[in-house]
Every structure is written in structure tokens, then in C-alpha cells.
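First comes the structure, then the notes that go with it.
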Amino acid sequence: MKPFKRLAGLIRRREKARRGEDGSMVLEAALVMPLFLMILLLFIVMIRLCAVQMALQSAASQTVRQMATHIRPADLTFQKASSSIPDLGSIGLPLPDWGGAIAKEAAGWLPAPADALASAVLEGNWQPAADAAATELGRSAVEPLLRQFADEAVLEKERLRLSRLSLPDLKEKQQPYLTIEAQYEFPLSLPFLDRKIVLREQASERVWVSDAAPAKEDAPSADITPIQIVSIQPVPLRPGNKATVIALTSPGASASLTVNYKSGTSTAKHLGSATADANGYVQWTWLVSGNTTPGTWELTATSASGETVSMHFNVTKKEDLPS
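Residues in the sequence shown are numbered consecutively from 1, following our numbering.
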């Protein structure tokens, strides 16, 4: 009987020790699992934060390029108005004789965003020395354009704001740069932490205006032909459909367009060299292959003198478009 009693005692002691081990494992899991989940959520938030910052920089860059491309009509409007009104150089003063109906008529004939830029000149709202983000130009023209270029898959448009707008000096032309600063409120989706991070990205582009000082007669003439990409349609591009790119260069000058996808440079027809019309506009229309991989790709326009300008575009299938 004694051996059986000893065996029963050993079994009872082992069962007690096993119950203690099970309890310690449950306690360790209860302590470690929340910490592991918190670290996992932190990594997810960091990845989303990086993606939002890159998308915000891309939207600001595309917006400032589009605005800089359409600054020429505003410059011509300023030169024409200043030749008729001597005190236009103050810029900050309102122009009652040139505002109102004339500004609306100018806005009706010019494409966006050139209409808002020309109207701002005629109405006396062009203030290169001040922050114009809160002006009518910033609210009605620049901020909607910024939201148009925002990637809806990454950015929520209602959280996107224009925080700063610096206009170029059309009179002295000492600072021919257009600068915008975009901000985005990023919510921190972490437990027990209800805060927002304000991200800001700035982009600057030299506008296409005439030089401040006339060229000297004995100075050698520069053989540089400028070029700017005006638009790409449709947005986004779809495989199997046609796409159109419009660029602006010197009238009658030749320009070429190359489109780079994941598989390499596109060999589609109607790409390559083309000649600008009398107004300097050159257009390419080609068929996007049905086998084109969806994603963000790049096109490059090259002027006759070798100057290049690039622009990113999105290719999306029908089933991938947001509903």
C-alpha cells in the first residue's frame, strides 16, 4: 500500500505544479499580447504616415507646376493693364475700373487655373509680398486644384488645406517663383491617444514670364527652348483607351514625348517628335495598351534645345476605380 500512496502523492504534486505553470503562461500572454499589438499598430501608423507625406508632396508639386504653366496669361494681363494705368505698379491697390465685368469676362475665356490668375491681376488682388493663401485666389483656384491632384487612395480631401501661397513679382520680376505650402491633418489611430499630426509640404516652381532686364546687344543669344507640360487627359488613364498630353513651348518649335511604364519606354504610335502650333502648343494622342500595368508612371517632354520636363500620371483599371 505504501508504494501506491507514494505514487498518488507524486501525481498530486505534479498536477499542482502543472496548474501553476498553466496560470503563469496565461499571465505572460496577458502581459505580452497588448504590448505586441501596440507595437504592430505603431508600425502600421508609421507606414501610413510615410505614404501620406509622399502623397502630400506629390500633390503640392503637381499643383505648383500647373499654376506656373498658366502664369503667362496673368503676366500678359498685367503688362497690358500697367501700360493703360500708370499706378498699377503698386499692385496692392484695388482697380475699380478694371475689376468686375472685365475680370469676369477674362475668366470666361481662359482655362483654369489661368482664369483665376488673370482675374486676380485685374481686380488688384495680386500681392507678391504677402501670403495669399486666405485670399480669393487661394480659396477659389489653388486649393481646389490642390485637392484635384490629391491621391484619393491615400489622402482624405477634406483634411487637405492650403496653408501658404507666395505669388511671383510680375512688376520687378526679381523673384519669379510661385510657392505653395500644403498641410494635412493626420489622425493618430492609436488606443488612448486621440491626437492629430499636421503635416506640411512645400513646393516651388519658377514661372514662365519675361525677363526683368532686357538682353544686351553684344550678349550671345541663348539657344534654350523652354517647355512645360500643360495637361494630361483623362485622369486617371485607363488601359485600352486613348490619352492626350498638351505641352507649351516656343511657337513652331519641335518637341518630343516619351512615356515610361514598368516594362520600359512606350513604343505606341503618335509618340515621339511633334511640332508646336503658332501659339506654342504641341499635342500628343496615343493609345494606352490594354496590358499596361496599373500604377503611377512618368512621362517626359523634351524641347528642341534638350530641355526636359517630367510629370507623373496614374493608370487604373475600371474595376480599381473608387465607387
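Here a beta-carbon is modelled for each residue, glycine too, at the ideal position from N, C-alpha and C.
Source: prediction; values computed, not measured.
Which residues in the same chain as arginine 48 place their Cβ atom closer than 6 Å to its Cβ, once the five residues preceding and following it in sequence are excluded?
None.
Return helix, strand or coil for threonine 339, following the three-state DSSP convention.
A question about residue 339 goes unanswered here, because the residues of the chain that appear run from 1 up to 323.
9 Å Cβ cutoff met for alanine 247 and alanine 203:
For the pair alanine 247 and alanine 203, the CB atoms are not nearer than the 9 Å cut-off.
For leucine 37, collect the residues of the same chain with a Cβ closer than 7 Å to its Cβ; drop the 5 residues on either side in sequence, then sort them by chain order.
Answer for leucine 37: no residue qualifies.
So, under 8 Å CB-CB, arginine 164 and lysine 157 are touching, yes? Tell me the CB distance rounded to an integer number of Å.
Taking C-beta atoms under 8 Å as the contact rule, arginine 164 and lysine 157 fail to qualify, at a distance of about 19 Å.
Counted within 10 angstroms of its Cβ, other Cβ atoms place threonine 292 as buried (16 or more) or exposed:
Counting other Cβ atoms within 10 Å of its Cβ, threonine 292 reaches 16 or more and is therefore classed as buried.
According to DSSP, what are the bridge partners of lysine 196?
DSSP, once it has assigned bridges, lists Pro187 as partnering lysine 196.
Give the straight-line distance between the Cα atoms of serine 254 and alanine 55, rounded to the nearest whole angstrom.
Each residue's Cα considered, the two are about 33 Å apart.
Between the alpha carbons of valine 198 and valine 245, how many angstroms are there, rounded?
Valine 198 and valine 245: Cα-Cα distance of roughly 35 Å.
For asparagine 241 and valine 315, believed in contact at Cβ under 8 Å, the rounded distance
Taking C-beta atoms under 8 Å as the contact rule, valine 315 and asparagine 241 fail to qualify, at a distance of about 10 Å.
Determine which residues share a DSSP beta bridge with lysine 242 and list them.
Note: lysine 242 sits in a beta bridge opposite Leu287.
Reduced DSSP secondary structure (H/G/I, E/B, other) of phenylalanine 43:
Phenylalanine 43: helix per DSSP, three-state reduction.
For valine 207 and threonine 265, what's the separation of their Cα atoms in angstroms?
Distance from the CA atom of valine 207 to the CA atom of threonine 265, rounded to whole angstroms, is 29 Å.
CA-CA distance, tyrosine 261 and glycine 290?
Pairing tyrosine 261 with glycine 290, the inter-Cα distance amounts to about 13 Å.
CA-CA distance, serine 310 and isoleucine 229?
Rounded to whole angstroms, serine 310 to isoleucine 229 spans 8 Å at the Cα level.
Assuming isoleucine 71 contacts leucine 178 (C-beta within less than 8 Å), just tell me the rounded distance between them.
By a beta-carbon distance limit of 8 Å, isoleucine 71 contacts leucine 178. Their separation comes to about 7 Å.
Would you give the residue range spanned by the beta strand (DSSP E) that leucine 299 belongs to?
Start and end: 295 to 303.
Would tyrosine 346 be called buried (16 or more neighbouring beta carbons within 10 Å of its own) or exposed?
As displayed, the chain neither begins before 1 nor continues past 323, which places residue 346 out of reach and without an answer.
Would DSSP call leucine 145 helix, strand or coil?
Annotated three-state conformation of leucine 145 is helix, per DSSP.
Length of the line joining the Cα atoms of alanine 51 and isoleucine 224:
Straight-line Cα distance between these residues: approximately 37 Å.
Assumed close pair alanine 182, alanine 60 - CB separation to whole angstroms, cut-off 8 Å:
The Cβ separation is near 4 Å, so the contact holds.
Short of 6 Å in beta carbon distance, which residues of its chain neighbour alanine 304, apart from the five on each side in sequence? Order them along the chain.
The residues are Thr225, Ala253 and Ser254.
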